[in-house]
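Heads up: the structure comes next, in structure tokens.
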């Protein structure tokens, strides 16, 4: 296996057709609108707990996930709204979850940091920094096992997103080491937004100026993309995904991005200057793509306005749906979903579909 | 329990359970340190690499946080991992994965993702291994909802409970004991499973109820033997699983004997023994003729010195004393 892919950084950007790019534009706009309304709902105390919005980073989730197949597992950390939506979770389920309602993707038991969607192979938002990485290699292990041992005949890859804060957690390093040793098709996607909460990356991470060494240390290919350009993200990730799928081997991709808002909803942002933020805001991934599509004649003002209106309508509908979804009933919901096979006080759980199989549905051991 | 002519070791019982379940269901695999080429650090998985191959019996580096999490991710996809910890003492570096992720995944995902995984390995003091290697984790982990804890004391129970654990759709912490791996006991040739939450009365008696889990069950039986010579008949209840706890069987016995001693190898503060005692008070207060007595490990880190270690752990002498105190005989 080669250490780093020398072509990964320098290969020219492929042409992506306008229809696809228009879809990406809408996907990013949906996330942006969703997050703006999330902030508003949080300020109105309709959403509780910790809440981390994805504004500024939309091109990461959209570009990366566009490079995958719909049945490739995706897992991420706590800033998870964008990934859930990009993966195809209906915005109403995500919003209702944050509202703590039974109509939420996790019936109001997970919250903002723990969104899950089995239908779209979205294996969650995980809120302990770095903790999703061992899980991510487990998803990759399972896809490989399904192919090689259970004979499912398809090669899948896993996208395991992490923030730059996770670079300093042991869990990531154990996961990367295991991924290489066991040859697991897991792509660690580093969304480097330069701040681990309020700690600038160079204050917390060794070799912050050249993170390719992290990949090299574990003998896996390194990719890098400008996270403000969704096409660049897609093109880089497409190469990474295709190669990981074919070779069934891990990779490490660094997407250079920036969050426009604070770490969470209660962040006075003393650790960075307003000038720095506005400099990045000038590179807004949504505005950039809209501008390119306008210049090429693939998007006009009327179409852009219609797109804006359609995402506003969708999110407004999500809010309305969340508000109308009932609060959980403690007498029914509190003790449900603790265990699949009820005992003692635990009850009223239906067996998840994933467990609904018998050993007999597989060919017997030869 | 059916009478079986065949006697096998505790470790062999564990191996049989895993092998049978791996033959039965291809989704089951074994992963851990030295489980494959080394044939198991304690020879539990001896021969399994040869039978099942390296895609299903998988060596890992010393990386508990990594491979425990790997197992959980695989379980979320519907595989059925058996993750071996050489010692449960080493599971502490994987605390985030085994406590935060495995037992909460079903709840956090609103029932979308279960976690059918077994973590198994040696629990409790080995022999002079000192503080870091002598953990009895049941006291710590029993506090967490969403997981099950099985802690067998005999080869028969080890096999039947492990097969149930592997088929369980929820995470199971399976606590074995290095000190019991060589113990032999009757295990029938034919297949059987032991349900969770069903205690086993290992000795019947009318005078005092002894409740225990795992290795100290044997200390209870030894103590009961000696007490019988003095005319005191103890009923020895082996809980077999801590979560679920078969409190009904315990309460039934206490209603008969009116005395209760709980023997638990974890530390006393917030222990399994504390929980059993509390539940006995909640359910059978009026039947008790004295308070519930606890025999736990002493509330100190596990020492290295043989003399000190023996002084710290539960033993038959301490149990005999507690029974006599409970029955106002001392």
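Protein chains in written order, with my numbering: chain A, 7 to 372; chain B, 986 to 1315.
Even for Gly, the Cβ is constructed at its ideal location relative to N, Cα and C.
- With distances taken between CA atoms, residue 67/A lies nearest to 238/A out of 343/A, 268/A, 238/A and 249/A.
- A direct Cα-Cα distance of roughly 13 Å separates residue 336/A from residue 353/A.
- Judged by their CB atoms, residue 149/A and residue 164/A are nearer to each other than the 8 Å cut-off.
- Burial check for residue 63/A: the Cβ neighbour count within 10 Å reaches 16 or more, so the residue is buried.
- Here residue 85/A is near residue 169/A, since their CB atoms are less than 8 Å apart.
- Pairwise C-beta distances place the segment 1152 to 1167 of chain B in contact with the segment 991 to 1007 of chain B, as three or more of them are shorter than 8 Å.
- Bounds of any beta strand (DSSP E) do not take in residue 1191/B, whose DSSP letter is neither H nor E.
- Taken in chain order, the members of the segment 1077 to 1100 of chain B whose beta-carbon sits within less than 7 Å of a beta-carbon on chain A are 1081, 1082, 1085, 1086, 1091, 1092, 1093, 1094, 1095, 1096, 1097, 1098 and 1099.
- Of the residues 1309/B, 1043/B and 1013/B, the one whose Cα lies closest to the Cα of residue 1023/B is 1043/B.
- Counting only residues of its own chain and dropping the five nearest sequence neighbours on each side, residue 195/A has a CB closer than 8 Å to the CB of 66, 70, 165, 166, 167, 168, 243, 259 and 261.
- For residue 261/A, the uninterrupted beta strand (DSSP E) segment begins and ends at 257 to 262.
- Cβ atoms of residue 1312/B and residue 1244/B come within 8 Å of each other, at about 5 Å.
- Inclusion of residue 235/A and residue 294/A in the CB contact set at 8 Å is warranted, their separation being smaller than that value.
- Between residue 991/B and residue 1291/B, the alpha-carbon positions lie close to 35 Å from each other.
- The Cβ neighbour count for residue 215/A, taken over all protein chains shown within 10 Å, is under 16; the residue is labelled exposed.
- When only Cα atoms are considered, residue 1046/B and residue 1126/B end up about 25 Å apart.
- Counting only residues of its own chain and dropping the five nearest sequence neighbours on each side, residue 1182/B has a CB closer than 8 Å to the CB of 1226, 1229, 1230 and 1231.
- Residues of chain B with a Cβ closer than 7 Å to the Cβ of residue 343/A are, in chain order, 1091, 1092, 1095 and 1096.
- Listed by position along chain B, the residues whose Cβ is nearer than 8 Å to that of residue 140/A are 1050, 1051, 1052, 1053, 1054, 1055, 1057, 1058 and 1082.
- Considering only beta carbons, no part of the segment 1257 to 1274 of chain B lies closer than 9 Å to chain A.
- For residue 81/A, the three-state secondary structure derived from DSSP is strand.
- DSSP places residue 1126/B inside the alpha helix (DSSP H), whose first and last residues are 1123 to 1126.
- Scanning chain B for C-beta atoms nearer than 7 Å to the C-beta of residue 180/A yields 1048, 1050 and 1051, reported in chain order.
- Bounds of any alpha helix (DSSP H) do not take in residue 1219/B; it lies within the beta strand (DSSP E) bounded by 1219 to 1223.
- As computed with DSSP, residue 1169/B is found in a beta bridge with 994/B.
- Interface annotation for the segment 1141 to 1159 of chain B against chain A: 1153, 1154 and 1155, criterion Cβ-Cβ distance under 8 Å.
- Bounds of the alpha helix (DSSP H) holding residue 321/A are 307 to 330.
- Residue 1200/B and residue 1109/B do touch by the CB rule: their CB atoms are close to 6 Å apart, below 8 Å.
- Residue 1043/B is bridged by DSSP to 1016/B.
- Taking C-beta atoms as the reference points, residue 1132/B and residue 1158/B count as a pair closer than 8 Å.
- Within the same chain, Cβ atoms closer than 7 Å to the Cβ of residue 199/A are found at 63, 169, 170, 263, 264 and 265, the five residues on either side in sequence being excluded.
- Residue 230/A is bridged by DSSP to 260/A.
- Take residue 250/A, set aside five residues on each side of it, and the residues of its chain with a beta-carbon closer than 8 Å to its own are 163, 191, 192, 193, 256 and 257, in chain order.
- Beta-bridge annotation (DSSP): residue 1185/B is paired with 1223/B.
- Here DSSP, grouped into helix, strand and coil, assigns residue 242/A to helix.
- Taking a C-beta distance under 8 Å as the contact criterion, residue 98/A and residue 324/A qualify as a contact pair.
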